[in-house]
Amino acid sequence: MSRLVVASIGPASSVQDGGRLGAQRYGLTPSGAMDRLALAAANCLVGNELFAAAVEIGPFGATFTARDGAVRVAIAGAPRNAEIAGRPLAMDTSATLKDGETLTLGFARGGAFTYLAIEGGIKGEPVFGSLAVNARAGLGSPYPRPLQAGDEFTVDAASGAPELRIELPKPSSGPIRVVLGPQDDEFDDANKALFLDSEWKISATSDRMGYRFEGPAIKHLHGHNIVSDGTVNGSIQVPGNGAPIALMMDRGTSGGYPKIATVITADVGRLAQTSAGTAFRFKQVTMAEAQDEARKFAQLIRNLPDRLRSSDTVTLNIEALQDANVAGYAVSAVDAGTWQVIAEP
Amino acid sequence: MAATLPPPRLLPSGDSAVTVEFSRTIDDAANQRVLALDKALAASPIDGITESVPTYRSLLVHYDPGKIGFDALGEKLLALASRPLPPATTARRWRIPVAYGGEHGIDLEDVAKALNTTPDDIVARHVAGDYKVAMIGFTPGWSYLSGLDKSLHMSRRQNPRLLTPAGTISIGGIQAGIQCLAAPSGWHLLGRTPVRTYQLHRNPTFLTEPGDRVTFFAIDHKTFEEQDRAAEAGEIIAEQVVA
Chain X
1 MSRLVVASIG PASSVQDGGR LGAQRYGLTP SGAMDRLALA AANCLVGNEL
51 FAAAVEIGPF GATFTARDGA VRVAIAGAPR NAEIAGRPLA MDTSATLKDG
101 ETLTLGFARG GAFTYLAIEG GIKGEPVFGS LAVNARAGLG SPYPRPLQAG
151 DEFTVDAASG APELRIELPK PSSGPIRVVL GPQDDEFDDA NKALFLDSEW
201 KISATSDRMG YRFEGPAIKH LHGHNIVSDG TVNGSIQVPG NGAPIALMMD
251 RGTSGGYPKI ATVITADVGR LAQTSAGTAF RFKQVTMAEA QDEARKFAQL
301 IRNLPDRLRS SDTVTLNIEA LQDANVAGYA VSAVDAGTWQ VIAEP
Chain U
1 MAATLPPPRL LPSGDSAVTV EFSRTIDDAA NQRVLALDKA LAASPIDGIT
51 ESVPTYRSLL VHYDPGKIGF DALGEKLLAL ASRPLPPATT ARRWRIPVAY
101 GGEHGIDLED VAKALNTTPD DIVARHVAGD YKVAMIGFTP GWSYLSGLDK
151 SLHMSRRQNP RLLTPAGTIS IGGIQAGIQC LAAPSGWHLL GRTPVRTYQL
201 HRNPTFLTEP GDRVTFFAID HKTFEEQDRA AEAGEIIAEQ VVA
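So the protein sequences, as listed, match chains X and U. One point on numbering: in the numbering used here, the residue at position 135 of the first sequence is 135, and numbering is uninterrupted. One point on numbering: in the numbering used here, the residue at position 201 of the second sequence is 201, and numbering is uninterrupted.
Have a look at this one:
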């Protein structure tokens, strides 16, 4: 066994997996990764189950050190500068830390959450089948709270498997798609239009429970109190002040504000990766379109293993691009979307 | 009889869940239909449904759109919901001890003042109630109870408290509650119970189920301390009454 020690880490970083399903009827929130596609991609790179537990790293930087042996890892999600003992590490690739080496991750250059998957997964005691941290309920393993410097994971010794990269589709920059409901009838047409046609920004007070939106105030037809009913990931509720909140993975299982719309499954992760202050819009789609997108999204995740490539084919290109970055702050040159094209054989 | 039941509304809740709404208000008849549909789904599962979450007036049904679409699922749910309610079965009943007032129920005196009566009278009315777990939500084990004496209905606090203690027994609006974990709350705190409605490494982890009946009885603060220690060690404490 090796160890991976958290040498430093910012807030909003915790162990997350596919979530804790089946006990919402008892008030147990599902939690789980904010960006499921990125979690699955990182796990795929190191041969784990796609929704195995990984480290969800918030917007700030983090460093991890391998002890008592080598550790194989992969990163996916919000792009950031990464290096292992001075060797650059591109997003959406795997790499091996030799004993004593440190992986250094910079702050997110777009989006919020990056996933660090560890070959063999994170060892812990699942509760309701999940290691996901739900800090409010004191759940999660091996640490039932956000990670802190000094925490460590007992992990499998690196297998020595060849390093891989994964070719992900370029993330859409289009509007966040929603279906109206369940309580869109608590709003008149003008306010529904105001919601759908306005430009929104995500407030800096957003967290894993909810993303708050800054924009025009949405008014209710009959006041802001409804009898509490069930919530889902992506429920957009409108409280008394008219500023909508999208409920995210650490949401309460029930809520008493009218929910004007619901983010489609395929776009919840994209919303999660929209940084505070970034302007965006919503777009209404039909239920048929939303369900079609949900099926495609599930298929994309299921077929991730088909997108794995040997990382050898791009090594030179990545280094060249990294060198280019030294000159300026154009670090996005190592974004998956850019270097994949160059690296295509 | 079945024909007189109006069909519930199917409210889209994204692409992977649907809310089956029986009423817009807190209504015991609607809650019975919610729990009946929930039971019917448990008894004859529909392929593609991943979990269901009963609330006062609606059942939220989570499903996998890769297995069943909104329209097909909606039809099946409406068919199930139109069945006549099964005859009332004997619900499980829990007797829950409560240490009222003092440090454990910091709002008891204010509630008594607001209702022009004594704290003892408030306790007597709260203890006399025959409650039903209408739903569990918000945080693990938080049991929302219907059946609060009408004379105890009062609006929630203007300023919700950011943190109220684990085990809090409270009232808010027309509802009563058993709260398990420390949490924010705008309800009036009457007392505390040593009973954990949720305890991770205990079997069962969750004590109450929607549909269970609940009554309260008063204990003194010394008994609370003893039972609280026992509960921490995994004892259930609540008395289950089998009718």
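The beta-carbon is built from N, C-alpha and C at its ideal position, and this holds for glycine as well.
Where residue i falls: helix, strand or coil (DSSP)
{"i": "residue 195/X", "result": "helix"}
{"i": "residue 229/X", "result": "strand"}
{"i": "residue 122/U", "result": "helix"}
{"i": "residue 56/X", "result": "strand"}
{"i": "residue 216/U", "result": "strand"}
{"i": "residue 251/X", "result": "coil"}
{"i": "residue 62/U", "result": "strand"}
{"i": "residue 221/U", "result": "helix"}
{"i": "residue 320/X", "result": "With a pLDDT of only 43 at residue 320/X, under 50, the local geometry of the prediction cannot be trusted, and no value is derived from it."}
{"i": "residue 109/X", "result": "coil"}
{"i": "residue 152/X", "result": "strand"}
{"i": "residue 28/X", "result": "coil"}
{"i": "residue 186/X", "result": "helix"}
{"i": "residue 202/U", "result": "coil"}
{"i": "residue 70/U", "result": "helix"}
{"i": "residue 315/X", "result": "Per-residue confidence for residue 315/X stands at a pLDDT of 47, beneath the threshold of 50, marking its modelled position as unreliable; the derived number appears in the next sentence. Here residue 315/X sits in helix by DSSP."}
{"i": "residue 196/U", "result": "coil"}
{"i": "residue 20/X", "result": "coil"}
{"i": "residue 36/U", "result": "helix"}
{"i": "residue 334/X", "result": "Model confidence at residue 334/X stands at a pLDDT of 31, short of 50, so the residue's coordinates are unreliable; what they give is reported in the following sentence. The answer is helix: DSSP assigns residue 334/X an H, G or I state."}
{"i": "residue 229/U", "result": "helix"}
{"i": "residue 45/X", "result": "helix"}
Chain-ordered neighbours of residue i on chain U, where CB pairs are closer than 8 Å
{"i": "residue 59/X", "result": "What residue 59/X touches in chain U: nothing, since even the nearest Cβ is about 25 Å away."}
{"i": "residue 228/X", "result": "55, 56, 135, 137, 138, 144"}
{"i": "residue 232/X", "result": "13, 14, 16, 17, 60, 62"}
{"i": "residue 127/X", "result": "200"}
{"i": "residue 294/X", "result": "15, 16, 65, 66"}
{"i": "residue 235/X", "result": "13, 14"}
{"i": "residue 287/X", "result": "12, 15, 70"}
Proximal residues of chain U, C-beta to C-beta of residue i below 7 Å
{"i": "residue 301/X", "result": "Simply none; closest approach about 11 Å."}
{"i": "residue 284/X", "result": "What residue 284/X touches in chain U: nothing, since even the nearest Cβ is about 12 Å away."}
{"i": "residue 73/X", "result": "Going along chain U, no residue has its Cβ under 7 Å from residue 73/X, so there is no contact; the nearest lies around 30 Å."}
{"i": "residue 181/X", "result": "11, 12, 13"}
{"i": "residue 264/X", "result": "14, 15"}
{"i": "residue 141/X", "result": "Residues of chain U passing the Cβ test: none, with the nearest at roughly 11 Å."}
Buried or exposed (CB count within 10 angstroms, at least 16 for buried), residue i
{"i": "residue 349/X", "result": "Outside the shown range of chain X (1 to 345) lies residue 349/X, about which nothing can therefore be said."}
{"i": "residue 13/U", "result": "buried"}
{"i": "residue 44/U", "result": "exposed"}
{"i": "residue 328/X", "result": "Low local confidence applies: a pLDDT of 32 at residue 328/X is under 50, so the model's placement there is unreliable, and no value is given."}
{"i": "residue 244/U", "result": "Outside the shown range of chain U (1 to 243) lies residue 244/U, about which nothing can therefore be said."}
{"i": "residue 200/U", "result": "exposed"}
{"i": "residue 126/U", "result": "buried"}
{"i": "residue 259/X", "result": "buried"}
{"i": "residue 1/X", "result": "exposed"}
{"i": "residue 252/X", "result": "buried"}
{"i": "residue 188/U", "result": "buried"}
{"i": "residue 97/U", "result": "buried"}
{"i": "residue 119/X", "result": "buried"}
{"i": "residue 203/U", "result": "exposed"}
{"i": "residue 43/X", "result": "buried"}
{"i": "residue 64/X", "result": "buried"}
{"i": "residue 241/U", "result": "exposed"}
Contact list for residue i against chain X, beta-carbon separation under 7 Å
{"i": "residue 142/U", "result": "27"}
{"i": "residue 26/U", "result": "227"}
{"i": "residue 181/U", "result": "137"}
{"i": "residue 206/U", "result": "26"}
Proximal residues of chain U, C-beta to C-beta of residue i below 9 Å
{"i": "residue 298/X", "result": "64, 65, 66"}
{"i": "residue 154/X", "result": "Per Cβ cutoff of 9 Å: no residues; residue 154/X is ~21 Å from chain U at best."}
{"i": "residue 21/X", "result": "50, 51, 62"}
{"i": "residue 291/X", "result": "15, 16, 65, 66, 69, 70"}
Within chain X, partners of residue i - CB distance below 8 Å
{"i": "residue 210/U", "result": "25"}
Proximity test, residue i beta-carbon vs the ligand FAD heavy atom, cut-off 8 Å
{"i": "residue 65/X", "result": "With respect to the ligand FAD, the structure shown offers nothing to examine, as it has no ligands at all."}
CB contact check: residue i to chain B, cutoff 9 Å
{"i": "residue 43/X", "result": "No chain B appears in this structure, whose protein chains are X and U."}
Within chain X, partners of residue i - CB distance below 9 Å
{"i": "residue 82/U", "result": "Those within 9 Å of residue 82/U in chain X number zero; the least Cβ separation is about 20 Å."}
According to a CB-to-CB cut-off of less than 8 Å, which residues of the stretch 97 to 112 of chain U neighbour chain X?
none
Length-filtered (4 minimum) alpha helix (DSSP H) runs lying within the stretch 264 to 313 of chain X:
265 to 272, 287 to 302
Counting only runs that start and end within the stretch 88 to 168 of chain U, where is the alpha helix (DSSP H) found for 4 or more residues in a row?
108 to 114, 119 to 128
At a CB distance below 9 Å, what residues from the stretch 46 to 70 of chain X approach chain U? Give them in sequence order.
none
As an exercise, report each continuous alpha helix (DSSP H) stretch of at least 4 residues that is fully enclosed by the stretch 65 to 135 of chain X, in chain order.
none
For the stretch 246 to 261 of chain X, list every residue whose C-beta sits within 7 Å of some C-beta in chain U, in sequence order.
252, 253, 254
Taking a cut of 8 Å between CB atoms, which residues from the stretch 80 to 106 of chain X lie near chain U?
none
Using a beta-carbon distance cut-off of less than 8 Å, what residues from the stretch 41 to 54 of chain U approach chain X?
50, 51, 52, 53, 54
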